[in-house]
Every structure is written in C-alpha cells, then in structure tokens.
Amino acid sequence: MEEKLIRPLRSEADYDAALDEIERYFDDEPLPGTTDADRFDLLAIMMRSISGNPRCEHRERPRFAT
Numbered sequence: 004m005e006e007k008l009i010r011p012l013r014s015e016a017d018y019d020a021a022l023d024e025i026e027r028y029f030d031d032e033p034l035p036g037t038t039d040a041d042r043f044d045l046l047a048i049m050m051r052s053i054s055g056n057p058r059c060e061h062r063e064r065p066r067f068a069t
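Using my numbering, the first residue of the sequence shown is number 4, and each one after it goes up by one.
Shown next, in the form of structure tokens:
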C-alpha cells in the first residue's frame, strides 16, 4: 500500500475520503503493531473527534465551514 499522509479533515470531501478509507479496515482488519493498524487508529481518533461522542450511535455528519 502506498503511504499517504493523514491530514486534518477540513472539508466534506476530506471527511468522505477518511470515511471510505477507514471502512476498508472493517472488511480487512489490520494486524496489531503494523503500519496499517496505526493508520486505522489515527483515522478512528480523527473521525471520533469530529463526530462527537463515540458512544452515540445516531450521530449527525459534521458541518464544515464553506
């Protein structure tokens, strides 16, 4: 896999791209301690931080400044 930088989510397109990327890890879970596992963890932290409470099942999509 080509390494891509993890960047702040500043737009709806950034959010959608991160969501697409993190979803693939649910289909093919990375092995702990690997670069892919680290990437998954960082993406999950970012998604959780902008989506609000991680325990809330019915979150709204974040709103980005236009």
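By construction, the Cβ of each residue, glycine as well, lies at the ideal position given by its N, Cα and C atoms.
Check your understanding: By DSSP, does residue 52 sit in helix, in strand, or in coil?
Key -> Translated into positions along the sequence shown, residue 52 becomes position 49. Three-state result, residue 52: helix.
Exercise for review: Indicate whether residue 40 and residue 46 have their beta-carbon atoms separated by less than 8 Å.
Suggested key: In the sequence shown, residue 40 corresponds to position 37, counting from 1. In the sequence shown, residue 46 corresponds to position 43, counting from 1. Going by C-beta atoms, residue 40 is not nearer than 8 Å to residue 46.
Exercise for review: Under the assumption that residue 21 contacts residue 49 (Cβ atoms under 8 Å), give the Cβ distance between them as a whole number of angstroms.
Suggested key: Sequence index remark: in the sequence shown, residue 21 carries index 18 (1-based). Sequence index remark: in the sequence shown, residue 49 carries index 46 (1-based). Contact between residue 21 and residue 49 is confirmed by a C-beta separation of about 6 Å, below the 8 Å threshold.
Check your understanding: When burial is assigned at 16 or more other CB atoms within 10 Å of the CB, is residue 8 buried or exposed?
Key -> Residue numbering aside, residue 8 sits at position 5 when the sequence shown is read from its first letter. Under this definition residue 8 is an exposed residue.
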